[in-house]
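Protein chains in written order, with our numbering: chain A, 1 to 255; chain B, 256 to 887.
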């Protein structure tokens, strides 16, 4: 990762919040079987930062990410992406926000099996009727070491390579925020560490904003800040985390 | 295993409703045909009228097309279901189900659908058959509804044969699921494996043999015998094309998709995704297309042959003297002299000729058509070409058509005995110029030889040049009305009448074949809804990455349209080729391709494909990305 890419600075990082949740509540089901997955969350994610969302199973961390990323609509409260209020947007408007301003890296099944790596990376831009800035595209591909894999189908790529293609796709459209949902969950520890280094580098060197959901303390240690969740509520945060401090923080939740 | 099977039926009722519909329709048609023709036959026997055996044969032949299409749809559905159930089947194998139990499970499921569909089909068929019978009888006679035991047994047997027969291959595939597959990835329907080399070779050999038979049949000089080669040739060639399907269909889909992407710039990426999806599994794409391909090929072949027959109506009609008007009698007796005199006296009428006909023993040629006609007068209506002199015929010679002459080695000057009297061949006439094959003698000689023939079978007359046909017809009809038994028709009018009859026949057959096309469209809907099911996570991913609900619908719509239009294009090409060979075997038939109708057929296939996509596409568009992504 010896690149001088500060000149290729990506999104508008003004130092303000890239994403924000205000009084966020998400209830699944109705009546007696209702589950409050999110129970009044107020949280901010600063631009140009790598933030990890952590918590035990059922703490609501995935639901929070889905609401922040416009994949799910909250029951009440507000979600802001930069200055845009996502709450109340129509399905189509939300889709366009995801396409233009958000990048995704999921745990698995990140890529379309029918498209080769290049087509997968370019997909969000293609959907918007745009084409990738060739300099930026080459840079991202080079940094992720995918140069000789662009014509391969997902089935011809290793798990680690597939996840790197997903990261390239998330970065190439220079989104306001990249959301990563357990991105290393299906990788061996070496590939996982490599991927997390890439994500961290994209924040430090390319100025990207990354929000990652994980349950792995050593993965969270790559972030600049960890937000802890328990029972759908905010349960604290750790800045400049290490695997040990994260583990201690989790224990403090009584998990 | 049986319990697992039945649980499968209960859990996914929709896919069995769709496949069941296919069976109900195809079995229903066959059952209905049997009920209708049985009923017509009973009524016919009661009245001593001829039986409806030809109708029965025709209906059952057309019904077979639907049954074959249904079998393709059914086989494809089962193959997809087995592929999607890999985990379930592997789990059953892990827990101790034997291969035999797994295969039996699939077959039991197929027979359950076949039996239920067969029963429903019989009910539908009886209702449709008796309903149509009432329409045909039109209140003029009592038509009993005959539902015989053979009808019921045959219909049930056909339903079971189609379902179980087409489930055998998927059942064998199910036995090959390894227990370990339970822990492996979810099947996503992507299967880049194309056709094996053996398959390609088999397909090429079959198509080549078929094409060879087709062209040989088309080139066979003996009239009518060519069909004996053309029909099996077409069948073998078509089989070859079906075998080659996984090699032919995906490139066709890709070419169509690229063309569509080029003209629809704004949704180019959606079109690209749809194209990739349509061609992602070559075998499945080929089978889906095959169902529609069969229907379109049969429709195209039929429409093209019918169109060729239409443009050859002139050839058929010209069995009559090609005059403006032809006078005959309703009873078949000779046209009375009074009528001929009255018509010849009309100022609107010009050249005319009488034609008397019979058959007689001619030399040692056996029974031959003999006509009494003044060839000079005929020559004024339609020019006659040939060797010899018309004057010599008028002077007491005979004329003979060149085909008959050639067959028996007769030439101008040779003696020929007609009905006991010896003539000399004075003229060898081009067969295309006269309305029949055989011998022509002067009217005088004909009257002397055959006193039993009570007058000319036809009296043909042209209107004087410059007189409007409508005015001439009014005049001639005024004369005919005064004379009992005499009828007049104009060639122009009978052409229109034949046209109408042909149109009616074409519409009826097309309506029946439409059933096969509709069944194929249901097949596309079925394949697509199964594809949506297995691609749930993929659709969730696309929605997350910014594909709108509308784009999702468009994507699936384009996928269905590509599949149906590819099948239609292939079907039109193959059908036209088959029709060409069939037409070539029938002498005097002019091969004519109704391009505009065929283009309409391709458009209709596209529209059907689009309709087939509506329900699965709506379901796909409604998927919530979060739920879809979490699907196993």
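Backbone N, C-alpha and C define an ideal beta-carbon position, used for all residues, glycine too.
Roughly how many angstroms separate the alpha carbons of residue i and residue j, rounded to a whole number?
{"i": "residue 22 of chain A", "j": "residue 85 of chain A", "result": "11 Å"}
{"i": "residue 425 of chain B", "j": "residue 871 of chain B", "result": "23 Å"}
{"i": "residue 768 of chain B", "j": "residue 831 of chain B", "result": "17 Å"}
{"i": "residue 875 of chain B", "j": "residue 498 of chain B", "result": "32 Å"}
{"i": "residue 255 of chain A", "j": "residue 56 of chain A", "result": "Unreliable placement is indicated for residue 255 of chain A, whose pLDDT of 49 sits below 50; the coordinate value is still reported in the next sentence. Taking the straight line from one Cα to the other gives about 7 Å."}
{"i": "residue 270 of chain A", "j": "residue 76 of chain A", "result": "Absent from the model: residue 270 of chain A. The displayed extent of chain A is 1 to 255, so no value can be given."}
{"i": "residue 645 of chain B", "j": "residue 698 of chain B", "result": "14 Å"}
{"i": "residue 383 of chain B", "j": "residue 287 of chain B", "result": "6 Å"}
{"i": "residue 659 of chain B", "j": "residue 611 of chain B", "result": "19 Å"}
{"i": "residue 4 of chain A", "j": "residue 533 of chain B", "result": "In this predicted model, residue 4 of chain A has a pLDDT of only 37, less than 50, meaning its place in the structure is not dependable; the value taken from the coordinates is given anyway. Rounded to whole angstroms, residue 4 of chain A to residue 533 of chain B spans 44 Å at the Cα level."}
{"i": "residue 186 of chain A", "j": "residue 161 of chain A", "result": "12 Å"}
{"i": "residue 564 of chain B", "j": "residue 784 of chain B", "result": "42 Å"}
{"i": "residue 9 of chain A", "j": "residue 166 of chain A", "result": "For residue 9 of chain A, the predicted model reports a pLDDT of 38, less than 50, meaning its position is unreliable; a value from the coordinates is still stated below. C-alpha separation (whole angstroms): 20 Å."}
{"i": "residue 677 of chain B", "j": "residue 474 of chain B", "result": "39 Å"}
{"i": "residue 752 of chain B", "j": "residue 292 of chain B", "result": "27 Å"}
According to the neighbour-count rule (16 or more other Cβ atoms, all chains shown, within 10 Å of its Cβ), is residue i buried or exposed?
{"i": "residue 839 of chain B", "result": "buried"}
{"i": "residue 389 of chain B", "result": "exposed"}
{"i": "residue 706 of chain B", "result": "exposed"}
{"i": "residue 703 of chain B", "result": "exposed"}
{"i": "residue 396 of chain B", "result": "exposed"}
{"i": "residue 480 of chain B", "result": "exposed"}
{"i": "residue 756 of chain B", "result": "exposed"}
{"i": "residue 580 of chain B", "result": "buried"}
{"i": "residue 61 of chain A", "result": "buried"}
{"i": "residue 28 of chain A", "result": "exposed"}
{"i": "residue 130 of chain A", "result": "exposed"}
{"i": "residue 463 of chain B", "result": "exposed"}
{"i": "residue 585 of chain B", "result": "exposed"}
{"i": "residue 460 of chain B", "result": "exposed"}
If you check the beta carbons only, do residue i and residue j fall under 9 Å apart?
{"i": "residue 380 of chain B", "j": "residue 284 of chain B", "result": "yes"}
{"i": "residue 529 of chain B", "j": "residue 810 of chain B", "result": "yes"}
{"i": "residue 682 of chain B", "j": "residue 696 of chain B", "result": "no"}
{"i": "residue 799 of chain B", "j": "residue 880 of chain B", "result": "yes"}
{"i": "residue 205 of chain A", "j": "residue 224 of chain A", "result": "no"}
{"i": "residue 209 of chain A", "j": "residue 46 of chain A", "result": "yes"}
{"i": "residue 593 of chain B", "j": "residue 387 of chain B", "result": "no"}
{"i": "residue 406 of chain B", "j": "residue 332 of chain B", "result": "no"}
{"i": "residue 82 of chain A", "j": "residue 176 of chain A", "result": "yes"}
{"i": "residue 289 of chain B", "j": "residue 310 of chain B", "result": "no"}
{"i": "residue 324 of chain B", "j": "residue 369 of chain B", "result": "no"}
{"i": "residue 801 of chain B", "j": "residue 124 of chain A", "result": "yes"}
{"i": "residue 183 of chain A", "j": "residue 171 of chain A", "result": "no"}
{"i": "residue 547 of chain B", "j": "residue 776 of chain B", "result": "yes"}
{"i": "residue 836 of chain B", "j": "residue 489 of chain B", "result": "yes"}
{"i": "residue 428 of chain B", "j": "residue 338 of chain B", "result": "yes"}
{"i": "residue 833 of chain B", "j": "residue 493 of chain B", "result": "yes"}
Just reading off the beta strand (DSSP E) that residue i is part of, what are its end residues?
{"i": "residue 180 of chain A", "result": "177-181"}
{"i": "residue 23 of chain A", "result": "17-28"}
{"i": "residue 610 of chain B", "result": "604-616"}
{"i": "residue 654 of chain B", "result": "653-656"}
{"i": "residue 39 of chain A", "result": "35-46"}
{"i": "residue 622 of chain B", "result": "622-627"}
{"i": "residue 234 of chain A", "result": "233-239"}
{"i": "residue 642 of chain B", "result": "641-643"}
{"i": "residue 196 of chain B", "result": "Not covered by the structure: residue 196 of chain B. The range shown for chain B is 256 to 887."}
{"i": "residue 744 of chain B", "result": "741-745"}
{"i": "residue 584 of chain B", "result": "580-584"}
Tell me which residue opens and which closes the alpha helix (DSSP H) that residue i is part of.
{"i": "residue 306 of chain B", "result": "Careful: residue 306 of chain B lies outside any alpha helix (DSSP H) and carries neither H nor E."}
{"i": "residue 841 of chain B", "result": "No alpha helix (DSSP H) contains residue 841 of chain B, which DSSP labels as neither H nor E."}
{"i": "residue 593 of chain B", "result": "592-599"}
{"i": "residue 400 of chain B", "result": "Neither: residue 400 of chain B is in no alpha helix (DSSP H) and is coded neither H nor E."}
{"i": "residue 882 of chain B", "result": "880-884"}
Under the DSSP definition of a beta bridge, which residues are partnered with residue i?
{"i": "residue 84 of chain A", "result": "A:81"}
{"i": "residue 76 of chain A", "result": "A:25"}
{"i": "residue 672 of chain B", "result": "B:677"}
{"i": "residue 225 of chain A", "result": "A:51 and A:239"}
Interface residues of the region 525-544 of chain B facing chain D [CB-CB below 7 Å]
Chain labels in this structure do not include chain D; the protein chains are A and B.
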